[in-house]
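In terms of my numbering, the sequence shown has 72 at position 73, counting the first letter as 1, and numbering is strictly consecutive.
The beta-carbon is built from N, C-alpha and C at its ideal position, and this holds for glycine as well.
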Amino acid sequence: MEQKATDFNIEKVNPVNQNNVKKNNIKKYYCIQCGVFSTTKNAEAVRDSLKSYGTPFIVEKESKFKVILGIYNEEEYKAISKKLNSSEIQNVKVTYEIPEDNLCSKEIAEIFNANLKVLNKFIDPKVKAVKTENLKKWVNSLEEVKKEEKNFKILSSMKEYVKKYPGELNRENLEEYCKFMYKCIDSVN
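The following block contains the structure:
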């Protein structure tokens with residue numbers, strides 16, 4: 000049975016404010032990379048072969064084309080990695096860490112986490128679309144961050160990007176959304 004658009008449950012997102020910023024707290028995310036190629040043709044072939052496992056996408060970096068299956072929290076990573084390994088699909092885990100030592104980094108981590116929850120709903124083939132109204136309201140409600148904070152530009156671009164989401168995300172544009180989130184996490188320092 001095909002599902003209609005599912006709602007994003009904002010109650011499952013951690014609250015973000017200056018009071019819950021903790022020194023030495025680090026959020027970890029895991030990217031599954033399934034190859035690096037010198038041509039788009041080879042990268043596209045691998046990407047297309049992975050569609051039954053998630054939402055693969057291609058990013059170009061330093062004249063190479065990386066095939067990324069997705070970005071996950073630890074639990075999701077373990078489950079998908081197990082499937083890939085049992086199918087003998089080569090993959091490499093790339094770990095990204097976002098230290099939550101200031102409000103800016105905390106908001107980046109939580110926006111990223113919320114987006115992963117939305118994007119990874121599409122792992123279920125029955126999900127055709129996810130409503131974004133609650134996510135956009137939540138992002139609009141976040142505290143203002145000082146422009147001087149490290150990674151402020153990344154946070155601002157993430158907030159603006161989410162605000163421009165259509166009322167429903169669907170499978171048609173998933174690769175674009177995934178590429179944007181990858182670019183953000185790859186830029187955090």
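Taking residue 73 as the centre and dropping the five residues before and after it, the same chain places the C-beta of 27 and 29 closer than 7 Å to its C-beta, in chain order. Its Cα nearest to that of residue 79, the residue 31 stands out among 31, 130 and 143. Per DSSP, the continuous alpha helix (DSSP H) segment holding residue 39 begins and ends at 39 to 48.
Annotation: residue 83 is outside any beta strand (DSSP E); the continuous alpha helix (DSSP H) that includes it extends over 73 to 85. The three-state secondary structure of residue 120, taken from DSSP, is helix. Secondary structure note for residue 149: it is in no alpha helix (DSSP H), with a DSSP letter that is neither H nor E. The Cβ atoms of residue 34 and residue 45 sit closer than 8 Å to each other. Listed in chain order, the alpha helix (DSSP H) runs fully inside the segment 147 to 176 are 151 to 162, counting runs of at least 4 residues. In the structure shown, residue 141 adopts coil according to DSSP, grouped into three states. Between residue 58 and residue 141, the alpha-carbon positions lie close to 29 Å from each other. The alpha-carbon of residue 99 is positioned some 13 Å away from that of residue 151.
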